Amino acid sequence: MDARRPPALSARTTPTWEVELLISGVAVFAMLQLPGWLDDRMFALEPRVGSDWRPVLLLFYIYSKSTAVVLAVTFAIHLLLRAQWIALVGMDSVYPQGVQLDRLRMGPIQRAIEEARPESSADAIERADNRASVLFAIGVSIALIIASICIFFCGSLLLVNLLAQSFDWPIDPLKVMLGLFGALMLPFMAASMIDQFRGDRLRPGGATHRVIAATLRFYTRIGMGRRNSHVVALLTSNGGERRMMAVVVGIMVAALLGVGAAYTAMGSPGAIGSYALFPDSGHLQLRSEHYDDQRNPARDAALPFVQSAVITGPYVKLLVPYRPDRDQPAMRTHCAHARLLQGDALATARLACLQALHPVSLDGKPLPGLRYEIASDPRTDRPALLAMIDVRNLAPGRHDLRIARPPRGDRRPDNDNPDPGFDAIAFWR
-4 MDARRPPALS
6 ARTTPTWEVE
16 LLISGVAVFA
26 MLQLPGWLDD
36 RMFALEPRVG
46 SDWRPVLLLF
56 YIYSKSTAVV
66 LAVTFAIHLL
76 LRAQWIALVG
86 MDSVYPQGVQ
96 LDRLRMGPIQ
106 RAIEEARPES
116 SADAIERADN
126 RASVLFAIGV
136 SIALIIASIC
146 IFFCGSLLLV
156 NLLAQSFDWP
166 IDPLKVMLGL
176 FGALMLPFMA
186 ASMIDQFRGD
196 RLRPGGATHR
206 VIAATLRFYT
216 RIGMGRRNSH
226 VVALLTSNGG
236 ERRMMAVVVG
246 IMVAALLGVG
256 AAYTAMGSPG
266 AIGSYALFPD
276 SGHLQLRSEH
286 YDDQRNPARD
296 AALPFVQSAV
306 ITGPYVKLLV
316 PYRPDRDQPA
326 MRTHCAHARL
336 LQGDALATAR
346 LACLQALHPV
356 SLDGKPLPGL
366 RYEIASDPRT
376 DRPALLAMID
386 VRNLAPGRHD
396 LRIARPPRGD
406 RRPDNDNPDP
416 GFDAIAFWR
């Protein structure tokens, strides 16, 4: 190291580099764990909500996890870029003479090309410093945009849902919210387009000019101006508007689609892999969710289950979870008379209604004497029906239980993959 050269950073070094490193180093571990935590909360809460609340939960999950993923990737890459910058600063201190092209083996053409690019170590250090700061700014800004959309959209959808249920309005909250969002954005989009393409032709002080100015001023005050996100405004105005907007929108779309695809894949693990020729049938498949000693209560769907695939005792313990997406719409249709009751009478009527919605057959024969008890899943604390089925007189071998279920209230019938209308559980004596 040259003693005459002071070991100081360039005056053009980003002044926030220490804070950037501190934030990335501390937050990257939390952000890497947050997506998995959100997955667990989503799979735990989803079976508890009906079709009216599921869109709120799903949108909040997708936006929240997208924010966490963007921040985790941003902080991880930022640490790598800052490490590269630190390495360049260190190497510049060790070798202050910079890159010596005359000591590198290359042909005359390549040497001429390299010598035509007068780049010093200081230039490389400054470029690495700027690259890390820009990446940090882009990632944090995109995460803030997604979080803002989540708060506004999910909060508004939650409010519409609460109003619809409080006043018993027969509306679809998601469609109403989309309509309100479109009505909110339409004036802003129209005013912006007129201003961009015909603004120079409008007479200052005229009626049209005043209306457009008032509209744009209103939307700017509520946070939709071009400089409300000052970091994005700096990036787009200095780095090329089309290129930077393509980067911002592209990262947002990639994060949202990636989280949505991952959620779908987690719900259908068999969808990933070369399993096209493997037989696929929901009511013929032996699913681990149907057996208490095999299921994963934190991730598996809320399906009826028995204690094990091999029953050694005198009774089959059948638990049928209450599924709001199926049972709630069916009970509103078939058990409307129960609304007039109260207390134990109401509970008895609702239990009888659920009993009628979930009849059970054993080896193709109905079990008319089956009686459900009000219980809960001991591993998830979710409400469930409990039935104890006497199997002492069953012959050794395979036996099949079929538990009827009502259709989902938020889906139309699928002609290509029709719902069989029951859950099938095989067990052996």
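Numbering-wise (this note's numbering), the sequence shown opens with residue -4 and increments by one.
Using N, Cα and C, we set each Cβ at its ideal position, and we do this for glycine too.
Note that the coordinates shown come from a computational prediction; the quantities given were computed from them, not determined experimentally.
Buried or exposed for residue i, please, with buried defined as at least 16 other CB atoms from any protein chain shown within 10 angstroms of its CB.
| i | result |
| --- | --- |
| residue 273 | exposed |
| residue 396 | buried |
| residue 227 | buried |
| residue 269 | exposed |
| residue 15 | buried |
| residue 47 | buried |
| residue 332 | exposed |
| residue 495 | Only positions -4 to 424 of the chain appear in this structure, which leaves residue 495 out of reach. |
| residue 56 | buried |
| residue 238 | exposed |
| residue 134 | buried |
| residue 202 | exposed |
| residue 103 | exposed |
| residue 41 | buried |
| residue 161 | exposed |
| residue 418 | buried |
| residue 222 | exposed |
Since residue i and residue j should fall inside the 8 Å C-beta cutoff, what is the C-beta to C-beta distance between them, to a whole number of angstroms?
| i | j | result |
| --- | --- | --- |
| residue 215 | residue 131 | About 27 Å separates the two Cβ atoms, so there is no contact after all. |
| residue 301 | residue 420 | 6 Å |
How about residue i and residue j: are their beta carbons less than 8 Å apart?
| i | j | result |
| --- | --- | --- |
| residue 322 | residue 357 | no |
| residue 423 | residue 305 | yes |
| residue 204 | residue 197 | yes |
| residue 382 | residue 366 | yes |
| residue 319 | residue 299 | no |
| residue 61 | residue 136 | no |
| residue 165 | residue 155 | no |
| residue 336 | residue 369 | no |
| residue 58 | residue 144 | yes |
| residue 288 | residue 276 | no |
| residue 375 | residue 264 | no |
| residue 261 | residue 34 | yes |
Excluding sequence positions up to five away, which residues of its chain have a Cβ less than 7 Å from the Cβ of residue i?
| i | result |
| --- | --- |
| residue 106 | 96 |
| residue 486 | This structure does not reach residue 486, given that the chain is present from -4 up to 424, and the question cannot be answered. |
| residue 385 | 309 and 310 |
| residue 26 | 63, 66, 67 and 70 |
CB-CB under 6 Å to residue i, same chain, minus the five flanking residues each way: which ones, in chain order?
| i | result |
| --- | --- |
| residue 93 | 115 and 116 |
| residue 79 | 123 |
| residue 77 | 16 and 127 |
| residue 37 | 56 |
Open item on the list: Please give the ranges of any alpha helix (DSSP H) in the segment 136 to 191, keeping only runs that are unbroken, at least 4 residues long and fully inside the region.
Closed with: none
Open item on the list: If we require 4 or more residues per run, which alpha helix (DSSP H) segments fall completely within the segment 299 to 345?
Closed with: 319 to 329
Task: Start-end ranges of the alpha helix (DSSP H) lying completely within the segment 72 to 147, minimum 4 residues - done: 103 to 110
- [ ] Output the residue ranges of the beta strand (DSSP E) runs that lie fully inside the segment 352 to 377 and measure 3 residues or longer, sorted by chain position.
- [x] Whole beta strand (DSSP E) segments, 3+ residues: 355 to 357 and 368 to 371.
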